[in-house]
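Visitor: With the first letter of the sequence shown counted as 1, position 157 gets the number 157 in UniProt numbering; the numbers rise by one all the way through.
Even for Gly, the Cβ is constructed at its ideal location relative to N, Cα and C.
Since the structure is predicted, the reported quantities are computational estimates derived from the model, not experimental observations.
The structure under discussion is supplied below as structure tokens; questions concerning it will follow.
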Amino acid sequence: MSICAENITWKVGRKVIVNDVSLNVARGETVGLLGPNGSGKSSLLRVLAGLRRPHAGQVTLDGNDIRFIAKKALARRVAFVEQHGMTEANMRVRDVVKLGRIPHHSPFSSWSAQDDAAVLAALQRVDMVEKSEQGWQSLSGGERQRVHIARALAQMPSEILLDEPTNHLDIHHQMQLMKLISELPVTSIVAIHDLNHASMFCDTLIVMQQGEIVATGTPQAILNEDLLWDVFRVRAKIENSPYHSGKHIHYIA
Numbered sequence: 001m002s003i004c005a006e007n008i009t010w011k012v013g014r015k016v017i018v019n020d021v022s023l024n025v026a027r028g029e030t031v032g033l034l035g036p037n038g039s040g041k042s043s044l045l046r047v048l049a050g051l052r053r054p055h056a057g058q059v060t061l062d063g064n065d066i067r068f069i070a071k072k073a074l075a076r077r078v079a080f081v082e083q084h085g086m087t088e089a090n091m092r093v094r095d096v097v098k099l100g101r102i103p104h105h106s107p108f109s110s111w112s113a114q115d116d117a118a119v120l121a122a123l124q125r126v127d128m129v130e131k132s133e134q135g136w137q138s139l140s141g142g143e144r145q146r147v148h149i150a151r152a153l154a155q156m157p158s159e160i161l162l163d164e165p166t167n168h169l170d171i172h173h174q175m176q177l178m179k180l181i182s183e184l185p186v187t188s189i190v191a192i193h194d195l196n197h198a199s200m201f202c203d204t205l206i207v208m209q210q211g212e213i214v215a216t217g218t219p220q221a222i223l224n225e226d227l228l229w230d231v232f233r234v235r236a237k238i239e240n241s242p243y244h245s246g247k248h249i250h251y252i253a
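Structure below.
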């Protein structure tokens, strides 16, 4: 397994946000993390990334407890893409992506040809090479999200965690980003609200409700009308899509 969590609990004061969560993510999988607002998805992602320490339980990478992995080594291994990643300065696109190489440097190391190659490969992966000299402020929302993913890829991680990366994007950029994420050569866990996109692009789904995991499995196995009502309080008709291999959800008002 690539990422494992065992009995993770995380709180804010006395309020339990993530409650006794366990999961196993295989190497190379694209996992969709689903659930209504406030279900604990973002907090769980931050615990898995090592950005928050759980009050109980442990997270392991290939069997190694992340508490005992050096911060720089963990940053090389795991990349995290924020829901609203911000870059205030009008940096060039290339310079934003270069930030992903920081975990690979010491205070005394210099920029290398390997760093250049990693940045170029990341820009190519998100189709932003032609805009690499443009300023950040000139980019659209979809382009900025692609640059944030490129920055994460420049880390050359084994795992990448993304918190609602398609939020506030138009449908074209949502589809483009989810296809990109599903094709990345790494283990990916992505919090997402669009259940049809999750069905189309994810290998496995993890469904959360009130801080707990209530369903885990392939989209084909777990997406059903009862689950959508129990978790999201929406009525729907689900059928196999004639246009892709997954299920398609028709919502009923």
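What alpha helix (DSSP H) runs, 4 residues minimum, are completely inside the segment 50–97?
Guide: Whole alpha helix (DSSP H) segments, 4+ residues: 71–77.
Visitor: Smallest Cα separation from I206: which of I8, L23, D62 and G50?
Guide: In the sequence shown, counting from the first residue as 1, residue 206 sits at position 206. Nearest C-alpha to I206: L23.
Visitor: Between L177 and A150, is the Cβ-Cβ spacing less than 8 Å?
Guide: Here residue 177 corresponds to residue number 177 of the sequence shown, with the count starting at 1. Here residue 150 corresponds to residue number 150 of the sequence shown, with the count starting at 1. Cβ atoms of L177 and A150: not closer than 8 Å.
Visitor: Keeping to the same chain, check which residues put their C-beta closer than 8 Å to that of P157; ignore five residues upstream and five downstream.
Guide: Locating residue 157 in the sequence shown gives position 157, where the first residue counts as 1. These residues qualify, in order along the chain: R76, R77, V78, A79 and V186.
Visitor: With H, G and I counted as helix, E and B as strand and the rest as coil, what does DSSP make of G100?
Guide: Along the sequence shown, read from residue 1 onward, the residue named residue 100 stands at position 100. G100 falls in the helix class under three-state DSSP.
Visitor: Going straight from the alpha carbon of H55 to that of E82, what length do you get?
Guide: Locating residue 55 in the sequence shown gives position 55, where the first residue counts as 1. Locating residue 82 in the sequence shown gives position 82, where the first residue counts as 1. Going from the Cα of H55 to the Cα of E82 covers about 22 Å.
Visitor: Which class does D116 belong to by DSSP, given the choice of helix, strand or coil?
Guide: Within the sequence shown, numbered from 1, the residue matching residue 116 stands at position 116. Note: D116 maps to helix in three-state DSSP.
Visitor: Within a Cβ cutoff of 6 Å, which residues of the same chain sit near L195, ignoring the five residues on either side of it in sequence?
Guide: Working through the sequence shown from its first residue, we reach residue 195 at position 195. Hits under 6 Å: I249.
Visitor: Going by the beta-carbon positions, is the gap between V126 and R94 smaller than 8 Å?
Guide: If you number the sequence shown from 1, residue 126 lands on position 126. If you number the sequence shown from 1, residue 94 lands on position 94. No, Cβ-Cβ distance for V126 and R94 is not below 8 Å.
Visitor: How long is the line joining the alpha carbons of A236 and F108, rounded to whole angstroms?
Guide: Taking the sequence shown and counting its residues from 1, one reaches residue 236 at position 236. Taking the sequence shown and counting its residues from 1, one reaches residue 108 at position 108. So the alpha carbons of these two residues sit roughly 58 Å apart.
Visitor: Quick one: what's got a C-beta closer than 8 Å to L51's C-beta in the same chain, skipping five residues either side?
Guide: Stepping through the sequence shown from its first residue, residue 51 is reached at position 51. Excluding sequence neighbours, L51 sits near F80.
Visitor: According to DSSP, is A154 part of a helix, a strand, or is it coil?
Guide: Here residue 154 refers to the residue found at position 154 of the sequence shown. Here A154 sits in helix by DSSP.
Visitor: Residues in its own chain within less than 6 Å of E212 by CB, not counting five upstream and five downstream?
Guide: Within the sequence shown, the letter at position 212 stands for residue 212. Taken in chain order, the residues that qualify are N19.
Visitor: Nearest-angstrom Cα distance between I222 and V214?
Guide: Residue numbering aside, residue 222 sits at position 222 when the sequence shown is read from its first letter. Residue numbering aside, residue 214 sits at position 214 when the sequence shown is read from its first letter. Whole-angstrom Cα-Cα distance: 10 Å.
Visitor: Distance check for F232 and G32, CA to CA, integer angstroms please.
Guide: For the purposes of this step, residue 32 is taken as the residue at position 32 of the sequence shown. For the purposes of this step, residue 232 is taken as the residue at position 232 of the sequence shown. Taking the straight line from one Cα to the other gives about 16 Å.
Visitor: Counting only the same chain and skipping the five closest in sequence on each side, list residues whose C-beta sits under 6 Å from that of L162.
Guide: Position 162 of the sequence shown, counted from the start, is the residue given in the question as residue 162. So the list reads V81 and V190, once near-sequence residues are dropped.
Visitor: Could you please give the first and the last residue of the uninterrupted alpha helix (DSSP H) stretch that includes V231?
Guide: Residue numbering aside, residue 231 sits at position 231 when the sequence shown is read from its first letter. Start and end: E225 to F232.
Visitor: Among the candidates Q174, G38 and R27, whose CA atom is the shortest distance from the CA of G142?
Guide: The sequence position of residue 142 within the sequence shown is 142, counting from 1. Among Q174, G38 and R27, the Cα nearest to that of G142 is on Q174.
Visitor: How is G142 classed by DSSP in three states: helix, strand or coil?
Guide: Residue mapping note: residue 142 aligns to position 142 of the sequence shown, counting from 1. Correct three-state label for G142: helix.
Visitor: Can you tell me where the alpha helix (DSSP H) with S42 in it begins and where it stops?
Guide: To locate residue 42, count along the sequence shown from 1; it is residue 42. Residues K41 to L48.
Visitor: If we count the other Cβ atoms within 10 Å of its Cβ and call it buried at 16 or more, is residue 254 buried or exposed?
Guide: Residue coverage of the chain in this structure runs from 1 to 253, which leaves residue 254 outside it and unanswerable.
Visitor: Determine whether the Cβ of G35 lies closer than 8 Å to any Cβ atom of chain B.
Guide: The displayed structure is made up of one protein chain only, and chain B is not part of it.
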